[in-house]
Amino acid sequence: MKTDAGGFRLGRAAIAAAVALLILGSVSAAPAAVPGTLPPMEPAAWAVEAARAPDPMPPEAFTKAALDFSGSGGSERRAADEILQRLLADSVAGPGALPDPYARGEALLAFLHDRVLRAYSARETGVDAALLRGSFNCVSSAVLYAAFAKAAGLAVGGVVTADHAFCSVFLAPGRTVDVETTNASGFEPGTKKAFVDSFGKATGYSYVPPGAYSGRKPVGERELLSLILRNRATLAEGAGRWDDAFALAADVHAFLGTVESREYLDGRFSNLVSALNETRSFTPALEFIAAFESRYGADTKTRELRVLTSHNALADHAGKGRWEEGAAFAESLIASGMDDERVREFLRASVLNPLADLVRAKAWDNAEALLRRAGGRLPPEMLETARRSLREARVTDTVRTRPFAEADAVAAAAFADGTIDAARYREFVEYLYDNAANESASRSDWLAAAAVLERGLAKVPGSAILIRNLEAMRNNWIAETHNRFAALYNAGRFAEAEALVERALALQPGAKRLVEDLELARKALE
387 MKTDAGGFRL GRAAIAAAVA LLILGSVSAA PAAVPGTLPP MEPAAWAVEA
437 ARAPDPMPPE AFTKAALDFS GSGGSERRAA DEILQRLLAD SVAGPGALPD
487 PYARGEALLA FLHDRVLRAY SARETGVDAA LLRGSFNCVS SAVLYAAFAK
537 AAGLAVGGVV TADHAFCSVF LAPGRTVDVE TTNASGFEPG TKKAFVDSFG
587 KATGYSYVPP GAYSGRKPVG ERELLSLILR NRATLAEGAG RWDDAFALAA
637 DVHAFLGTVE SREYLDGRFS NLVSALNETR SFTPALEFIA AFESRYGADT
687 KTRELRVLTS HNALADHAGK GRWEEGAAFA ESLIASGMDD ERVREFLRAS
737 VLNPLADLVR AKAWDNAEAL LRRAGGRLPP EMLETARRSL REARVTDTVR
787 TRPFAEADAV AAAAFADGTI DAARYREFVE YLYDNAANES ASRSDWLAAA
837 AVLERGLAKV PGSAILIRNL EAMRNNWIAE THNRFAALYN AGRFAEAEAL
887 VERALALQPG AKRLVEDLEL ARKALE
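Using our numbering, you'd call the opening residue of the sequence shown number 387 and step up by one each time.
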């Protein structure tokens, strides 16, 4: 099963969750093609008609089905039918009139190769191609031989192997002869056939070796006929025409009505769903699955494909950022009974990822409106976490971008109402008051800076950051005052120096350096 990246992107406040795009595997390497319209669920009328024929099928019903199954229509179909009817009449009057069943069967094969079968072509599976152009493969030649054998009164069946088909003629109880229909000398392979000239003289022999048919499986005439449809379906899938292949499989199942034909139909159904998923045609895929379940019944496989397709559709919405559209789809899935973790995961992401985008864009009002609309998309505890995270993000943006007074008030209010905890509030206060102090310090207004830091410490006592910066501001002011004192003292202006230090100590009592300066000035004045 292929996978493709299509995960949900979640915000910082979200619980981590991602949904990968699960693309169903198909049986062919052909590129997927999106059908213009989905194939019909109902089989073709001619398949239903053929299914009604008794078993064994009358020769006329068999030959009609052989042409119907081959797929030609219009003038081409009429031309093929005319050729077939003429050849049947000739064969009945000629080789079909031989009294010995063995000779009759052998002569019919020679007749077909003389009058119809010209060139082997693996892809020419329809009897119409053989009749009109002489091109044939093992299936079309086997079906044609069966049609002529039935018209000649022989009991005939089919044989299939892994990659081949041929006929068997039932001559008598316990006496069955294989017919390798792709070879003019293929009646009872393994026996010598004499070449006889017009005078009855043997001129040589031909020998067709028997095939290594260890995997041979006898099939009835209906299964043999159905191989035409199956081969056409295989060719359609090889060309990426998954819808055509499904329609042909529906005809096979209508004709045979067996467990095996239903399995064949299910395989083509899965391949078409896979192709629609690969081309991200999820709505048509779900419509097709619903129609299939309505016509043929739901089972574990159809439900699995419906779930996988729905998950793929959600992942596609996520990858394209179509959150609202995807959320509506997810809610419709829940309403229909598909309430699984991936659907709930998408609903969570449909709120949290747009929320993260709005937070990055600082579209706060829109973000709050989004959470108000969230409804049942988030579990209650996750919704509350998202709301707290949004409020905190908004406070953080205010603290970092708005003027000091406004930011300070918002931080205090957020702490008071529980939007932020004590640790976060301490960070905000330290950030705001340190920046404000640095602004005063940039003008060398050291005492003003110290006063700002003291107010901050009143809000968050013991802050190591604010205490350290407060000490630095005071030391800068003391150093600057000392330098002014030294200039006055060195100029012999002792009284002015004394007055300067006295004023400074009134502002910063006990400052050791200033106390020493005051003593020095007074000694100079004695």
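Backbone N, C-alpha and C fix where the C-beta goes; we use that ideal spot for every residue, glycine too.
Residues of the same chain with a CB within less than 7 Å of the CB of S826, apart from the 5 flanking positions on each side, are A834, A835, V838 in chain order. The DSSP-derived three-state label of L484 is coil.
Counting along the chain, P604 sits inside the beta strand (DSSP E) bounded by residues 603–605. The C-beta distance from L700 to F732 rounds to 4 Å, short enough to meet the 8 Å contact threshold. When DSSP assignments are scanned along the stretch 837–877, the uninterrupted stretches of alpha helix (DSSP H) that are 4 or more residues long and fall wholly within it turn out to be 850–876. Between E609 and L557, the alpha-carbon positions lie close to 21 Å from each other. Across the set F814, F871, D630, I864, the C-alpha of F814 shows the shortest separation from the C-alpha of L852. The C-alpha of A640 is placed about 12 Å away from the C-alpha of A439. Annotation: S477 to Y531 spans about 11 Å, alpha carbon to alpha carbon.
Contact between the stretch 521–537 and the stretch 443–460 is present, with at least three C-beta pairs closer than 8 Å.
Between D702 and F668 the beta-carbon gap is near 6 Å, inside 8 Å, which marks them as a contact.
DSSP places A558 in the strand class (E or B) of the three-state scheme. According to the DSSP assignment, V542 belongs to no alpha helix (DSSP H) but to the beta strand (DSSP E) extending over 541–546.
In terms of Cα proximity to A791, the closest of G601, R841, N862, T688 is R841. With contacts defined by Cβ atoms closer than 7 Å, L776 and A753 form a contacting pair. Contact between V555 and V546 does not hold, since their C-beta atoms are separated by about 16 Å, which reaches or exceeds 8 Å.
Secondary structure at A551: strand, using DSSP grouped into helix, strand and coil. Counting along the chain, Q471 sits inside the alpha helix (DSSP H) bounded by residues 460–479. By the criterion of a C-beta distance shorter than 7 Å, A793 is surrounded in its chain by T784, V785, L818, once the five residues flanking it on both sides are discounted.
DSSP, read as helix, strand or coil, puts A505 in strand. No Cβ-Cβ contact shorter than 7 Å links A533 with F632.
Proximity to D637 across A431, G848, T577, I469 peaks at A431, based on C-alpha coordinates.
According to the DSSP assignment, T669 belongs to the alpha helix (DSSP H) that extends over 668–682. Nearest in C-alpha terms to G560, of all of A541, A892, T577, is A541. Sequence-distant Cβ neighbours of M427 in its own chain, meaning closer than 6 Å and more than five residues away, are A677, R681.
Here D903 is buried, its C-beta having at least 16 other C-beta atoms within 10 Å. Listed in chain order, the alpha helix (DSSP H) runs fully inside the stretch 700–751 are 709–721, 727–746, counting runs of at least 4 residues. By the beta-carbon neighbour count (other beta carbons within 10 angstroms, threshold 16), G762 is exposed.
Membership of M443 in any alpha helix (DSSP H) is not indicated, and neither H nor E is assigned to it by DSSP.
Contact holds between the stretch 880–900 and the stretch 857–864, because three or more Cβ pairs, one in each stretch, are under 8 Å apart. Excluding the 5 residues flanking it on each side, A881 has no same chain C-beta neighbour closer than 6 Å. Within the same chain, L453, S456, S458, V513, D514, L517, L518 come within 8 Å of A466 by CB-CB distance, once the 5 residues on both sides are set aside. Here L503 is not near F573, since their CB atoms are 7 Å or more apart. In the three-state reduction of the DSSP assignment, D903 falls in the helix class. Within the stretch 741–803, not a single complete beta strand (DSSP E) segment reaches 3 residues in length.
Residue pairing by DSSP puts F522 in a beta bridge opposite Y506.
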